[in-house]
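**Q** Take this structure first; my questions come after.
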Amino acid sequence: MKAKITLNDKIIEFPLKRCSSWDKFKGLMFSRNHSPLLIEIKDKPIHSMFVFYPFLALWLNDENTIVDYKMINPFTSSVIPQSSFSKIIEIPYKGEFKDIIDGIIGQKDLNINPT
C-alpha cells in the first residue's frame, strides 16, 4: 500500500505496511526492515524501547487527517499526542525516508539525536 501526504500543494508518496496484530505489538522494535508502518490503535501512548533509530510518528484521526506529529528518539519510554487519534504512521528516519521526513516537517524541526 502507498501513503500520500499533501503538504503545501506538494504530494509526498511512500510505501506503507499495514500492521497485523503482532506488528501492532512489535511496531519498529528490533526491526531491520525499515518500512513505514500504519498501526490502527486508538488513543494509546507509544514508546521506542528497543528501536535503535529515530522515527517520525504521525497521529491521524478517523478521517486520516494528521492531528499531531513528533520525532521520537530511540529508547523513549512514553509519547502521547496532543489530540485524540485512531491511527499512527511510524516512518523510520533512515535511508530513503530521511528525505520524506525532511519534506514533511523540515530538517530544522527534527530535533533528534544523531545516529
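Residue numbers (my numbering): 127 to 241.
Just so it is clear, CB atoms sit at the ideal spot from N, CA and C, and this is done for glycine as well.
#1: What whole-angstrom Cβ distance do Ile172 and Ile214 have, given they're in contact under 8 Å?
#2: Which partner residues does Asp194 have in the DSSP bridge list?
#3: Please check the pair Pro141 and Ser174, which I expect to be a contact at CB under 8 Å, by giving their CB distance rounded to whole angstroms.
#4: Can you give me the C-alpha to C-alpha distance between Gly221 and Leu184, rounded to a whole angstrom?
#5: For Gln208, I'd like the list of residues in its chain whose CB is within less than 6 Å of its CB, leaving aside the five on either flank, ordered along the chain.
#6: Once DSSP output is grouped into helix, strand and coil, what is the label at Ile167?
#7: Tell me Lys220's beta-bridge partners as DSSP assigns them.
#8: Could you give the distance in angstroms between the alpha-carbon of Ile227 and the alpha-carbon of Tyr219?
#9: To the nearest whole angstrom, what separates the beta carbons of Gly232 and Ile138, a pair I think is in contact under 8 Å?
**A** Based on what the coordinates show:
#1: 6 Å
#2: Trp185
#3: The Cβ separation is near 21 Å, so there is no contact.
#4: 18 Å
#5: Asp194
#6: coil
#7: Lys220 pairs with nothing; no bridge assigned.
#8: 7 Å
#9: Not a contact, Cβ separation roughly 13 Å.
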